Amino acid sequence: MTEGVAVTPALEIEGVSLSFGGLRALTDVTFSVAEGSITSVIGPNGAGKTSLFNAISGFYKPDKGSIRFHGAAIDRLHAPERARLGLARTFQNIALFRGMTVLDNIKLGRHAHMRTGLIDALFYFGRARREEMALRAEVEQRIIDFLEIDHIRKASVAALPYGLRKRVELARALAMRPKILMLDEPVAGMNREETEDMARFILDVKEEWGTTILMVEHDMGMVMDISDHVVVLNFGQVIAQGLPAEVQRDSAVIDAYLGSGDVGDLRRRLTGAAA
Amino acid sequence: MRIGAARQTYAADEALFETTVQRAWFAGLLAALVAFPFMADAYWLYLACLVAINVASATGLNILTGYTGLVSLGQAAFMGIGAYTVAVLEIRFGTPFLLNLVAAGLLAAAGGILVGIPSLRVKGLYLAIATIAASFILHFVFANWTSVTNGVTGLSMPPARLFGVALDTSFRMYWLIVPVTVLMVMGAANLFRTRIGRAFIAIRDRDISAEVLGIPLLRYKLMSFALSSFYAGVAGGLWAYFFRVVTPESFPLVMSIFYLAAIIVGGMGTILGPILGAAFMTMVPEVLKLGVGWLSPWVPDAVALLSPVRTIVFGALIVGFLVFEPQGLAEIWRRVRRFFHLWPFKT
Ligand SMILES: Nc1ncnc2c1ncn2[C@@H]1O[C@H](COP(=O)(O)OP(=O)(O)O)[C@@H](O)[C@H]1O
Ligand SMILES: [Mg+2]
């Protein structure tokens, strides 16, 4: 980054507040996600991380504040329109389409970028056939190979183990060719090996595809390893942000986790990750 | 299974009929459909036409209910729109039947879009009730818009004409009804190989994540309603040409229940389901009629019992399939095929 030249961040969250009835889920949240970075949002359970993601995706409408995507405000856009701009995400509790195969789930990721209309589709002629063939080739070559899920492409997602379902959900988000990829706890509930695979995929997505990544994660080892920037939420407020190493030393962060009651373990995870 | 990068391989893998065996089966089926009218008597031809009309309408309902997850009890009313459109166009303007059928589909589709508008907010039972309300409103229109529909007396219409030949027998109508139905079923099969069909299923399975993928819910729900009612409208148009009398009582609510039953019994969310289900459910009353014929020497008012018994049997079939075979006849068919595929090596 050149000194003095302002580079527009991929995503800017500015003064966002959100409440559910009397409960304040987010209070004046401000931070930005640099283009091409991996930015992680951490914080205890109930801190408002998923709510923040939902506000960015367009499911929740903030009471105050603004969200900018590559410099342009997207506050008035509905969820599907934000998706079409290049905002993709996965869900904390996996939201795949259970009645479909892995392949069809992934193909759905490209939905918004295709043009086939109803009449084309009924006759499966011309554009419909062309687009579907191009889609199949792209999904096979760029995504299925990349994420190493060749063996399950025709499987029904309902039959897959948890770790693979998370990977299929990532595949579907990647099929959107996103500019910004939001991952809500991508390795929660995974074993060591699956976690390492996922961390490698996330790094590859950033490096090979140049995709900006915004991630919520509890696995401090992974957060500290792969993040460029870390934002800490507690009770809906940003209590610290900066480089992983800075955040780790921040006393407010340690206090936030003290408040969560899981002191020893979290202190160990916070400091152990640097080693 | 490993698929190479060659384009041909993907094309083969994405084809409607993936294997030579499947293609052969389909060719055989088409040949049987062509041969059937030359071998069947008038009664079986009549039944075949009725089955085909019901397959077309049930396939439409399956797009909406089976694939998009929106329950509708308005399918018969949309057929009514199609039937009246055809009757009015035929009687007043004598326009060609293909044009009339397309107009029937389009007008019914417009009706479907109107009825579908609440579907963004209301779901499940409430949407079903909204569609029932719509069928009552349509019934009221059919019965009272006398200048167009001729009120409760209804409309009697001339047969469709093809190159000067009047399609006035089941044999002749068969050549109109069955090809149109085959086209409509293939259209549905194609649809679910493309983005549009996938979007419908996505909305059925999990509408929140559909939105995250850039699928506008209302637009696709309305599209599903429109397509489903287009199928109903064309089926209703065929129905009108087949029976040639259209009255407000021709498309009662129980007929909508019949179509819902057909897709449940056949298997929702499959292409085969509505075909098997509509055929099965059309045959049930015929079998009951036979039974009544046998009983009549002993039970004097057996004929009077026919209608209530039919309703009870439909109800029992719906409940029975929902409880014991929720995937319907299509699933039973799959199991039978698997059995013969492995037989005699494994059972
Ligand atoms: N749809 C909702 N309605 C009411 N309260 C909600 C809703 N979603 C989240 N909350 C509340 O907002 C707070 C933040 O939740 P969440 O964003 O899920 O936290 P996190 O993802 O950080 O664990 C919690 O107290 C939660 O109960
Ligand atoms: Mg959460």
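In the order they appear, the protein sequences are chains A and B. Per this note's numbering, the first sequence starts with residue 1, numbered consecutively. Per this note's numbering, the second sequence starts with residue 276, numbered consecutively. Backbone N, C-alpha and C define an ideal beta-carbon position, used for all residues, glycine too. These figures come from a predicted structure and were not determined experimentally.
Test item, CB below 7 Å from any non-hydrogen atom of ligand 2
K49(A), T50(A), Q92(A), D184(A), E185(A), V216(A)
Count the other C-beta atoms from every protein chain shown that fall within 10 angstroms of the C-beta of E208(A), then say buried if there are 16 or more, exposed otherwise.
To locate residue 208(A), count along the first sequence from 1; it is residue 208. It is exposed - the Cβ of E208(A) has fewer than 16 other Cβ atoms within 10 Å.
Identify the residues that DSSP records as bridge partners of D184(A): which are they?
Counted from its first residue, the first sequence places residue 184(A) at position 184. Looking at the DSSP output, D184(A) sits in a beta bridge with V216(A).
Simplified DSSP state of F555(B), which is helix, strand or coil
Residue mapping note: residue 555(B) aligns to position 280 of the second sequence, counting from 1. Three-state DSSP puts F555(B) in a helix.
Is H151(A) buried or exposed, if buried means 16 or more other CB atoms sit within 10 Å of its CB?
Along the first sequence, read from residue 1 onward, the residue named residue 151(A) stands at position 151. Around the beta-carbon of H151(A), fewer than 16 other beta-carbon atoms lie within 10 Å, marking it exposed.
Start-to-end residues for the alpha helix (DSSP H) that takes in H229(A):
The residue you call residue 229(A) lines up with position 229 of the first sequence. Segment 229 to 234 is the beta strand (DSSP E) holding H229(A); no alpha helix (DSSP H) there.
What separation, rounded to the nearest whole angstrom, lies between the Cα atoms of M224(A) and A474(B)?
Within the first sequence, residue 224(A) is the residue found at index 224, counting from 1. Within the second sequence, residue 474(B) is the residue found at index 199, counting from 1. Near 38 Å, if we compare the C-alpha coordinates of A474(B) and M224(A).
Residue-level contact to chain A via CB, A477(B), 8 Å cutoff:
For the purposes of this step, residue 477(B) is identified with residue 202 of the second sequence, where counting begins at 1. So yes, A477(B) belongs to the interface.
What three-state label does DSSP hand K64(A) in the structure shown?
Residue mapping note: residue 64(A) aligns to position 64 of the first sequence, counting from 1. Of the three classes helix, strand and coil, the one that applies to K64(A) here is strand, per DSSP.
With 16 as the cutoff for other CB atoms within 10 Å, does P601(B) come out buried or exposed?
Indexing the second sequence from 1 puts residue 601(B) at position 326. The residue is exposed, with fewer than 16 neighbouring Cβ atoms inside 10 Å.
Quick one: which chain B residues come within Cβ less than 8 Å of M114(A)?
Position 114 of the first sequence, counting from 1, holds the residue named residue 114(A). Those are R470, listed as they occur along chain B.
Could you run through the region 56 to 72 of chain A and flag, in chain order, every residue whose CB is less than 9 Å away from some CB of chain B?
S57, G58, F59
Measure from the alpha carbon of P583(B) to the alpha carbon of each residue in V598(B), W569(B), K564(B), then state which is nearest.
Counting from one through the second sequence, the residue named residue 583(B) turns up at place 308. With distances taken between CA atoms, P583(B) lies nearest to K564(B) out of V598(B), W569(B), K564(B).
Would you report the Cα separation of L535(B) and S19(A), rounded to the nearest angstrom?
Locating residue 535(B) in the second sequence gives position 260, counting from the first residue. Locating residue 19(A) in the first sequence gives position 19, counting from the first residue. Using only the alpha carbons, I get a separation of about 43 Å.
Starting from the beta carbon of L122(A), find every residue of chain B whose beta carbon is closer than 7 Å, and list them in chain order.
By one-based count along the first sequence, residue 122(A) stands at place 122. Here the neighbours are G462, N465, L466.
Per-residue DSSP class, three states only, for G603(B)
Within the second sequence, residue 603(B) is the residue found at index 328, counting from 1. Here G603(B) sits in helix by DSSP.
Quick one: is W569(B) buried, meaning 16 or more other Cβ sit within 10 Å of its Cβ, or exposed?
In the second sequence, the residue the question calls residue 569(B) occupies position 294. Per the 10 Å Cβ criterion, exposed.
Alpha helix (DSSP H) runs contained entirely in the region 12 to 93 of chain A, provided each spans 4 or more residues:
49 to 57, 79 to 85
Check whether the Cβ of P186(A) lies closer than 8 Å to any Cβ atom in chain B.
Within the first sequence, the letter at position 186 stands for residue 186(A). Output row for P186(A): interface = no.
Cβ of G541(B) within 8 Å of any chain A Cβ
As a first step, residue 541(B) is located in the second sequence; it is residue number 266 there, counting from the start. No, G541(B) lies away from the interface with chain A (no Cβ there is under 8 Å from its Cβ).
Determine, using beta carbons only, whether T334(B) and A463(B) come nearer to each other than 8 Å.
For this step, residue 334(B) is matched to residue 59 along the second sequence. For this step, residue 463(B) is matched to residue 188 along the second sequence. In this structure, A463(B) lies closer than 8 Å to T334(B) by Cβ.
Between L108(A) and chain B, is there a C-beta pair that is closer than 8 Å?
As a first step, residue 108(A) must be located in the first sequence, where it is residue number 108. Closer than 8 Å: yes.
So is I490(B) in contact with chain A if we call contact Cβ pairs under 8 Å?
Residue numbering aside, residue 490(B) sits at position 215 when the second sequence is read from its first letter. With 8 Å as the cut-off, I490(B) counts as an interface residue toward chain A.
Top-ranked residue by Cα proximity to F438(B), from L373(B), L592(B), F467(B):
Here residue 438(B) corresponds to residue number 163 of the second sequence, with the count starting at 1. F438(B) has its Cα closest to that of L373(B), out of L373(B), L592(B), F467(B).
Name the two residues that bound the continuous beta strand (DSSP E) containing A435(B).
For the purposes of this step, residue 435(B) is taken as the residue at position 160 of the second sequence. Looking at the DSSP string, the run of the beta strand (DSSP E) that includes A435(B) is 435 to 437.
State the Cα-Cα distance for the pair H414(B) and V521(B), rounded to the nearest angstrom.
On the second sequence, residue 414(B) is found 139 positions in, with the first residue counted as 1. On the second sequence, residue 521(B) is found 246 positions in, with the first residue counted as 1. C-alpha separation (whole angstroms): 12 Å.
Considering just the uninterrupted stretch of the alpha helix (DSSP H) at V363(B), what are its terminal residues?
What you label residue 363(B) is simply residue 88 of the second sequence in a count that begins at 1. V363(B) -> alpha helix (DSSP H) spans 350 to 363.
In or out: N329(B) buried (at least 16 other Cβ within 10 Å) or exposed?
Translated into positions along the second sequence, residue 329(B) becomes position 54. Classification of N329(B): buried, given that the 10 Å Cβ count is 16 or more.
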